[in-house]
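In what follows, a single structure is set out as structure tokens and then discussed.
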Ligand SMILES: [Zn+2]
Ligand SMILES: [Zn+2]
């Protein structure tokens, strides 16, 4: 990285000064006189109690302020994408707004809905789940506000200068922040084979936004400029709301009426001084391990001059309330977007949220159902996301089913724990492996297991991070074999450009795992549950076609054509058409099933072969014979309507 990446005309014209932070050694730009970059741990939060903005906005007001500002500045407003990233096979959940456009927009297959565009994307992350409720700023569910621009040859939208300018104007003009307060820290970003300079936007000790300029890609020959450069920004909606309100924690700023209701029920009225100090200490601490949480608490207690136990009496019930708020928000969106709680894949995380929330309700000794909390979250969000109103009954039904299951588990829990503990030696503790087993196979939270055998069970502080890590990615994404090049060659996918293309020419550009990679191909690889195309390459039979990252790999009978050779490909059209029909039929069944049985229904697995196709759907019970017949009749009715198909 060189400083020249950040020599922006905007900085120069406005009179920004470039300074090196003496603590972290990074360079930053500002109109004010600042000794450091301002980001913790170089400085602490300074906005609590005195917001740098001239207005106090709620979560919903902040979202609207953001989207309308960028709309007024030439951006198309885009609705949020689902929180379940169904268009990707490498992740379960949408974790940033750029996920919406990977890989299909970034690889040029489809056009973005607007260019430039603005969005507030609903996201979930589970890698910090044990910190939620404790640090004042970690969430599982959050919204990432963003403006994106995609610059292609012949169509330049904007890049660094305009991005920083828009960001600066949003905070200063729209939110009334003193321009001298804004600090822009030079950074470098890398991810998913792309790289570029990036700017961290620091305001009063908080990183309120990150502006990434994707402009390089890593190739086997080294780093090269990208054909399409991308503005990838991320503004934390919760953080901006928090800063605008200047309250003691992000939770107090964003949980709105639901947190007030829960505090009333639990009779919790915390001392704001305690919470403020807690947030400041937490903000300045890099949260890596559970020991960090303990250290935050000790430091806070020391700073206020009270004992650790006394601090925990204030903080513990509040942490449970925040957990309930956070998890019920995440559940609402996940269930709305089609996740069904289960023991596998996406469903695993929904179940985890239900159980953790119920555990907190139990430890507060509240006489409420989780569905009631989720229902209040829907009240709070349904004007913003109208689909929640539509799916309300379905969402609450799923929560109730899951809640009932949980109470059954509790009934069996004591017996299960007694049996395990009986086999322990004198003074021995139950191994973590057993706790994970109790949780994964029997649905029993470790905290509750501990209630049944307090002396025999210690719960690790990062228990849920440990179990979440085991389920984080779809299995297929982790089985890449070791000897492949990190950066795969790229194949142009002709079958997306012309699904009827039967003959084509291509050049061999690589050999991977014994197969042949072409610069372009009409062979559809195994994927999306559809079997691969058959046919020939230069007269040799193609036996199998797979996709590895960006490369389409063909396995042929006999010797492979040499690298650099031009080859002629022919597709077995009859087979392809049969596969396409089955593929379309599977989508049709999925769509009709959603209409008939609820919006949570989605495809859990599918296989489309020539002679038959299969579709697995997510639902909380087996379909009855009547339901199956109904589904069949409805699907056939739609087939007979002979509607056009769009891909
Ligand atoms: Zn610094
Ligand atoms: Zn499909």
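In our numbering, the protein residues as written are 45 to 691. Note that the Cβ used here is the ideal one computed from N, Cα and C, for glycine as well. Given the structure is predicted, the values throughout are model-derived calculations rather than measurements.
Q) Enumerated in chain order, which unbroken segments of the beta strand (DSSP E) with a length of 3 residues or greater are wholly contained in the segment 283-308? A) none
Q.
For a minimum of 3 consecutive residues, which ranges assigned as the beta strand (DSSP E) are wholly contained in the segment 589-665?
A. 595-600, 610-615, 647-652, 657-661
(Q) If I measure Cβ to Cβ from residue 132 and keep anything under 8 Å in the same chain, skipping five residues before and after, which residues do I get? (A) Here residue 132 corresponds to residue number 88 of the chain shown, with the count starting at 1. Excluding residues within five positions, the ones whose Cβ falls inside 8 Å are 143, 146, 147.
Q.
Measuring only the C-alpha atoms, how far is residue 454 from residue 491?
A. Taking the chain shown and counting its residues from 1, one reaches residue 454 at position 410. Taking the chain shown and counting its residues from 1, one reaches residue 491 at position 447. Distance between the alpha carbons of residue 454 and residue 491: 12 Å.
**Q.** Beta-carbon contacts of residue 544 that lie in its chain and below 6 Å, excluding the five residues immediately before and after
**A.** Working through the chain shown from its first residue, we reach residue 544 at position 500. Sequence-distant Cβ neighbours of residue 544 in its own chain, meaning closer than 6 Å and more than five residues away, do not exist here.
(Q) Measuring straight from C-alpha to C-alpha, what distance separates residue 689 and residue 434? (A) Taking the first residue of the chain shown as 1, we reach residue 689 at position 645. Taking the first residue of the chain shown as 1, we reach residue 434 at position 390. Rounded to the nearest angstrom, the two C-alpha atoms are 27 Å apart.
Q | Nonlocal neighbours in the same chain, by C-beta distance under 7 Å from residue 278, ignoring five residues either side | A | Numbered from 1 along the chain shown, position 234 holds the residue referred to as residue 278. Within the same chain, residue 278 has close Cβ partners 140, 141, 188, 190, 253, 254.
Q: Please report the residue range of the alpha helix (DSSP H) in which residue 241 lies.
A: The residue labelled residue 241 in the question sits at position 197 within the chain shown. Looking at the DSSP string, residue 241 is not in any alpha helix (DSSP H); the run it does join, the beta strand (DSSP E), is 238-247.
(Q) Going by DSSP in three states, residue 201 sits in which element: helix, strand or coil? (A) Against the chain shown, residue 201 aligns to sequence position 157. Reduced to three states, the DSSP call for residue 201 is coil.
**Q.** Runs of alpha helix (DSSP H) wholly within the segment 101-173 (minimum 4 residues, chain order)
**A.** 103-116
Q: Report whether the distance from the Cβ of residue 67 to the nearest heavy atom of ligand 4 is below 7 Å.
A: By its list of ligands, the structure shown excludes ligand 4, since it contains just ligand 1 and ligand 2.
Q. So, is residue 257 buried or exposed, given that buried needs 16 or more other C-beta atoms within 10 angstroms?
A. As a working note, residue 257 is residue 213 in the chain shown. Residue 257 comes out buried.
Q.
Is it buried or exposed, residue 154, if we count other Cβ atoms within 10 angstroms and call 16 or more buried?
A. What you label residue 154 is simply residue 110 of the chain shown in a count that begins at 1. The residue is exposed, with fewer than 16 neighbouring Cβ atoms inside 10 Å.
Q.
So residue 591 and residue 569 are supposed to be a Cβ contact under 8 Å. How far apart are they, rounded?
A. Start at 1 with the first residue of the chain shown, and residue 591 comes out as number 547. Start at 1 with the first residue of the chain shown, and residue 569 comes out as number 525. Between residue 569 and residue 591 the Cβ distance is about 4 Å, and since that is below 8 Å, they are a contact.
(Q) Let me check you understand the geometry: is the CB of residue 638 closer than 7 Å to at least one non-hydrogen atom of ligand 1? (A) Here residue 638 corresponds to residue number 594 of the chain shown, with the count starting at 1. Residue 638 Cβ: outside cutoff for every heavy atom of ligand 1.
Q) Are the CB atoms of residue 581 and residue 602 nearer to each other than 8 Å? A) Within the chain shown, residue 581 is the residue found at index 537, counting from 1. Within the chain shown, residue 602 is the residue found at index 558, counting from 1. In this structure, residue 602 does not lie closer than 8 Å to residue 581 by Cβ.
Q.
Looking only at its chain, what residues have a beta carbon closer than 6 Å to the beta carbon of residue 340, apart from the 5 residues adjacent to it on each side?
A. The count along the chain shown starts at 1 and reaches residue 340 at position 296. 325, 326, 329.
Q. Is it true that the CB of residue 174 sits closer than 8 Å to the CB of residue 508?
A. Within the chain shown, numbered from 1, the residue matching residue 508 stands at position 464. Within the chain shown, numbered from 1, the residue matching residue 174 stands at position 130. Yes. Within cutoff.
Q: Go ahead and label residue 85 buried or exposed: buried means 16 or more other beta carbons lie within 10 angstroms of its beta carbon, across all protein chains shown.
A: Along the chain shown, read from residue 1 onward, the residue named residue 85 stands at position 41. Label assigned to residue 85: exposed.
Q. Among residues of its own chain, excluding the 5 on either side of residue 319, which ones have a beta-carbon nearer than 7 Å to its beta-carbon?
A. Within the chain shown, residue 319 is the residue found at index 275, counting from 1. Within the same chain, residue 319 has close Cβ partners 292, 293.
(Q) Helix, strand or coil, according to DSSP, for residue 227 in the structure here? (A) Along the chain shown, one-based indexing puts residue 227 at 183. Of the three classes helix, strand and coil, the one that applies to residue 227 here is strand, per DSSP.
Q.
To the nearest angstrom, how far is the alpha carbon of residue 193 from that of residue 182?
A. Along the chain shown, read from residue 1 onward, the residue named residue 193 stands at position 149. Along the chain shown, read from residue 1 onward, the residue named residue 182 stands at position 138. Cα to Cα, residue 193 sits roughly 28 Å from residue 182.
Q. If you drop the 5 nearest sequence neighbours on each side, which residues of the same chain put their C-beta closer than 8 Å to that of residue 94?
A. Here residue 94 refers to the residue found at position 50 when the chain shown is read from its first residue. If we look at residue 94 and ignore the five residues flanking it on each side, its Cβ neighbours are 290.
Q) Does the separation of the CB atoms of residue 473 and residue 428 fall below 8 Å? A) In the chain shown, the residue the question calls residue 473 occupies position 429. In the chain shown, the residue the question calls residue 428 occupies position 384. For residue 473 and residue 428, no; Cβs fall outside 8 Å.
Q: Assign residue 466 to one of three DSSP states: helix, strand, or coil.
A: Walking along the chain shown from the start, residue 466 turns up at place 422. Residue state, collapsed to three classes: helix.
Q: Output yes or no for whether 8 Å exceeds the beta carbon distance between residue 450 and residue 399.
A: As a first step, residue 450 is located in the chain shown; it is residue number 406 there, counting from the start. As a first step, residue 399 is located in the chain shown; it is residue number 355 there, counting from the start. Yes, the Cβ-Cβ distance between residue 450 and residue 399 is below 8 Å.
Q. Taking C-beta to C-beta, are residue 750 and residue 552 nearer than 8 Å?
A. Here the chain covers residues 45 to 691 and nothing more, so residue 750 does not appear.
Q. Taking C-beta to C-beta, are residue 376 and residue 412 nearer than 8 Å?
A. Looking up residue 376 in the chain shown gives position 332. Looking up residue 412 in the chain shown gives position 368. Not in contact: residue 376 and residue 412 (Cβ atoms no closer than 8 Å).
Q. Thinking C-beta only, is residue 251 closer than 8 Å to residue 54?
A. On the chain shown, position 10 is the one that residue 54 refers to. On the chain shown, position 207 is the one that residue 251 refers to. The answer is no: Cβ separation not under 8 Å.
(Q) By alpha-carbon positions, which one of 68, 201, 679, 392 ends up nearest to residue 119? (A) Taking the first residue of the chain shown as 1, we reach residue 119 at position 75. The option with the nearest alpha carbon to residue 119 is 201.
Q | residue 373 versus residue 103 - alpha carbon distance | A | One-based indexing of the chain shown puts residue 373 at position 329. One-based indexing of the chain shown puts residue 103 at position 59. So the alpha carbons of these two residues sit roughly 13 Å apart.
Q | Where the alpha helix (DSSP H) through residue 507 begins and ends | A | Sequence index remark: in the chain shown, residue 507 carries index 463 (1-based). From DSSP, the alpha helix (DSSP H) with residue 507 extends over 507-514.
Q.
Is residue 242 a contact residue of ligand 1, with contact defined as CB to any heavy atom under 7 Å?
A. Taking the first residue of the chain shown as 1, we reach residue 242 at position 198. Result no, Cβ not under 7 Å from ligand 1.
Q | N- and C-terminal bounds of the alpha helix (DSSP H) containing residue 419 | A | By 1-based counting over the chain shown, the position of residue 419 is 375. Where residue 419 is concerned, the enclosing alpha helix (DSSP H) stretches over 414-425.
Q: Kindly indicate which three-state DSSP category residue 214 falls into: helix, strand or coil?
A: Along the chain shown, read from residue 1 onward, the residue named residue 214 stands at position 170. Correct three-state label for residue 214: helix.
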